[in-house]
Amino acid sequence: MSRFVRPSKYRHVFGNRSKVNYENAKISGSAWDTDLVTASGKYIAVNWQVSGGGAFAVLPSFSPFTPPPQDGFPTKLPDILPLARGHTAPVLDTAWSPFDDNFVVSGGEDGKIFLWNIEDSIFEGWGDDGWAPSDIAPVGKLNAGGRKVGQVIFHPAAESLLTSASGDHLVRVWDIKSNQDAPIIQLTGHGDSIQSIAWNAVGTTLATTCRDRKLRLFDPRAGTEAVRVTDGHGGIKGSRVVWLGDRDRIATTGFSRMSDRQLSLWDTTGLTNLETISLDSSAGIIIPFFAEGNDVLFLSGKGDGNIRYYEFEGDQFHFLNEYKTSEPQRGIGFIPRRSLEVNQNEIARAYKLANNGVEPLSFIVPRKAEAFQADIFPPANSIEPALTAAEWLSGKTARPKVVDLETQATSVNNTPIRAAASKAATPAAAPSPSPSPAPKEEPKAAPKAEPETPKEPTPAPTPPKAATPPPAAVSRASEPPKEEAKSLEIAQPDDSEDDEPKVAAAATVAAVAGAGAGAVAASSVAKCK
Numbered sequence: 135m136s137r138f139v140r141p142s143k144y145r146h147v148f149g150n151r152s153k154v155n156y157e158n159a160k161i162s163g164s165a166w167d168t169d170l171v172t173a174s175g176k177y178i179a180v181n182w183q184v185s186g187g188g189a190f191a192v193l194p195s196f197s198p199f200t201p202p203p204q205d206g207f208p209t210k211l212p213d214i215l216p217l218a219r220g221h222t223a224p225v226l227d228t229a230w231s232p233f234d235d236n237f238v239v240s241g242g243e244d245g246k247i248f249l250w251n252i253e254d255s256i257f258e259g260w261g262d263d264g265w266a267p268s269d270i271a272p273v274g275k276l277n278a279g280g281r282k283v284g285q286v287i288f289h290p291a292a293e294s295l296l297t298s299a300s301g302d303h304l305v306r307v308w309d310i311k312s313n314q315d316a317p318i319i320q321l322t323g324h325g326d327s328i329q330s331i332a333w334n335a336v337g338t339t340l341a342t343t344c345r346d347r348k349l350r351l352f353d354p355r356a357g358t359e360a361v362r363v364t365d366g367h368g369g370i371k372g373s374r375v376v377w378l379g380d381r382d383r384i385a386t387t388g389f390s391r392m393s394d395r396q397l398s399l400w401d402t403t404g405l406t407n408l409e410t411i412s413l414d415s416s417a418g419i420i421i422p423f424f425a426e427g428n429d430v431l432f433l434s435g436k437g438d439g440n441i442r443y444y445e446f447e448g449d450q451f452h453f454l455n456e457y458k459t460s461e462p463q464r465g466i467g468f469i470p471r472r473s474l475e476v477n478q479n480e481i482a483r484a485y486k487l488a489n490n491g492v493e494p495l496s497f498i499v500p501r502k503a504e505a506f507q508a509d510i511f512p513p514a515n516s517i518e519p520a521l522t523a524a525e526w527l528s529g530k531t532a533r534p535k536v537v538d539l540e541t542q543a544t545s546v547n548n549t550p551i552r553a554a555a556s557k558a559a560t561p562a563a564a565p566s567p568s569p570s571p572a573p574k575e576e577p578k579a580a581p582k583a584e585p586e587t588p589k590e591p592t593p594a595p596t597p598p599k600a601a602t603p604p605p606a607a608v609s610r611a612s613e614p615p616k617e618e619a620k621s622l623e624i625a626q627p628d629d630s631e632d633d634e635p636k637v638a639a640a641a642t643v644a645a646v647a648g649a650g651a652g653a654v655a656a657s658s659v660a661k662c663k
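For any residue, its number in my numbering is found by taking its place in the sequence shown, counting from 1, and adding 134.
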């Protein structure tokens, strides 16, 4: 076993639970695989258990560091409270707009998608005498084919673009501001129920998992069929997918054929499996969340009392720690990074549903310094969209705008967007064994200067001089393995360009050695005379 510990800024991350929770929550008992709770920077939405129809509750969010946002706001929820009502069957999923903390959509078992705008005024007077709850009415509705809508997510960069997955095995992309009750794009090819959908960081590629055990990638603007398909996890139970930040890597959670829970890493350029970790044999579906900017992956299993977290580095998942409680979670939802409390070194915050409560839970990097920690708080996606729906549909691509978490200044992310075609060539060569022998060949090339020196009768002084170049070659050969993923792009061009200097160096060494040997021979002749 290695004595060395891998250095990490997040090795000692710990979970901090709030002393104040929402109590008396009537959480939905639907058997559908859903997170049950989602969060914006201001509110949380909880799928609610009601008699007849479907609804969800909207509650003000608060952190473990602060009390509820309004004086007198009840943390023990009343039996009757304002609900977002409109569905005629249970609500299965909700999603908050990344560009408006008051705008939320819901998908239901009735095959409908409802749009909601949450007014801050609805929370005035809660807990006061004579307070009369008033339900929240939708501001729009979309018909998703009459089959249950199991997943809804927003586009990460373009305003008003919504994506949904339905029981008719179709993925639909909607422009919710177009006032059209029809999707602008419809993706096909799934052989069974769609279990999870996720956009990449710039919103060009959509990944899906399905009950037919396939993992698919779509380019929605290029066509309705998947551009890549591969076998996913062997079990048919719920599988989830999440993009690992601004990379061509995704992570999936699922079950093996033997019902073991698994975590897998995939290269999306060829949709090849890079790593699969067997977690345990529990039955609960695992909900993954990736803290972009910190490269920490959180795994929360339904029915588990613990939350595992891993750091993604060097194309591997490195286990960091786990947060443990005796209360199993029924669902969990994380807030946007732009809403974290950076003065508390909070790198992630979740709202955990346990029993009949809603518990805020923060994950913190312990540090003594009180100043802003720039190394763990890079800019986060801002609340300003980078594109309109029409611009995205016309083929334009842009990174989400970012906000500085120290100054709150918003700016455009100018990092170049890598083209899919250029990425495809890299992974094809990455698994090739060619990078491995390359470092071994360089040390062998330099000693070619040695065979010329023994031609003279007195080669003793020359081997030390001839041995001078090889250490430089050895050090170059040891560099590429430090970053294998880039070795083909960086190491190979450098090696080809350095061939002439190496030959010249070898010739120089040989010339010096020959000159030295000639001088010795001349001296011997002089002595004989």
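Note that CB positions come from ideal geometry on N, CA and C, so glycine has one too.
How far does the beta strand (DSSP E) with residue i in it reach, from first residue to last?
i: A524; result: A524 -> not in any beta strand (DSSP E); alpha helix (DSSP H) instead, spanning 523-527.
i: V150; result: First, the amino acid is wrong: residue 150 is Asn here, not Val. Looking at the DSSP string, the run of the beta strand (DSSP E) that includes N150 is 148-151.
i: H324; result: Per DSSP, H324 belongs to no beta strand (DSSP E) and is neither H nor E.
i: N407; result: 406-414
i: A159; result: Element bounds for A159: n/a, residue is neither H nor E.
i: T342; result: 340-344
i: D309; result: 305-309
i: R355; result: Neither: R355 is in no beta strand (DSSP E) and is coded neither H nor E.
i: V376; result: 374-377
Which residues in the same chain have their Cβ closer than 7 Å to the Cβ of residue i, if we skip the five residues on either side of it in sequence?
i: R140; result: H452
i: P224; result: S162, S164, G188, G242, E243
i: V546; result: K535
i: L408; result: L399, W400, D401, D449
i: K458; result: G439, N440
i: N428; result: Y144, I481, I510
What does a CB cutoff of less than 6 Å around residue i pick up in its chain, not counting 5 residues either side in sequence?
i: T89; result: The requested residue 89 does not occur in the structure, where the chain is confined to residues 135 to 663.
i: T410; result: Q396, S398
i: R472; result: A514, V537
i: S415; result: D394
i: S460; result: G439
i: S174; result: W230, D235
i: A299; result: G284, Q285, V305, I328, I331
i: E426; result: G379
i: P512; result: G427
i: G220; result: F248, P272
i: K557; result: Residue placement at K557 is poorly supported in this model, since its pLDDT is 38, which falls under 50; the coordinates still yield a value, given next. Same-chain partners within the cutoff: D382, T403.
i: G437; result: G418, P462
i: R350; result: T342, A360, V363
i: K311; result: S294
i: G325; result: D346
i: E518; result: K535, T544
Measure how close the beta-carbons of residue i and residue j come, nearest whole angstrom, since I'm counting them as under 8 Å.
i: I287; j: Y485; result: Going by Cβ atoms, the distance from I287 to Y485 rounds to 18 Å, so no, they are not a contact pair.
i: G368; j: S327; result: Not really, about 17 Å apart at Cβ, beyond 8 Å.
i: F446; j: A482; result: 14 Å between Cβ atoms; not a contact.
i: R151; j: E493; result: 6 Å
i: V476; j: L539; result: 5 Å
i: L237; j: L217; result: Residue 237 is actually Phe in this sequence, not Leu. The Cβ separation is near 17 Å, so there is no contact.
i: A266; j: L211; result: 16 Å between Cβ atoms; not a contact.
i: L170; j: V180; result: 7 Å
i: F497; j: G149; result: 6 Å
Per DSSP, residue i is paired with what?
i: K665; result: Any question about residue 665 goes unanswered here, given that the chain covers just 135 to 663.
i: P194; result: Y177
i: F288; result: L296
i: K486; result: I466, E493
i: P422; result: L433
i: K457; result: A quick correction: the sequence has Tyr, not Lys, at residue 457. Note: Y457 sits in a beta bridge opposite I441.
i: G242; result: V225
i: D401; result: R383, T406
i: K348; result: D365
i: G280; result: G280 is not bridged to any residue.
i: E480; result: I498
i: N515; result: V536
Leaving out five residues on either side along the sequence, give the residues of the same chain with a beta carbon under 8 Å from the beta carbon of residue i.
i: A543; result: V537
i: D509; result: K143
i: V273; result: L249, W250, N251
i: T209; result: V154, N155, Y156, E157, P202
i: K275; result: G220, K246, I247, F248, L249, D315
i: D365; result: R347, K348, L349
Report task. Examine the Cβ distances between the segment 369-382 and the segment 333-352 and report whether three or more of them are shorter than 8 Å. Result -> By the Cβ rule, the segment 369-382 counts as touching the segment 333-352, because three or more pairs are nearer than 8 Å.
Query raised in the report: Per the contact definition of three or more C-beta pairs closer than 8 Å, is the segment 336-355 in contact with the segment 523-534?
Result: yes
Query raised in the report: Does the segment 382-394 come close enough to the segment 352-371 to have 3 or more Cβ pairs within less than 8 Å?
Result: Verdict: yes, contact present.
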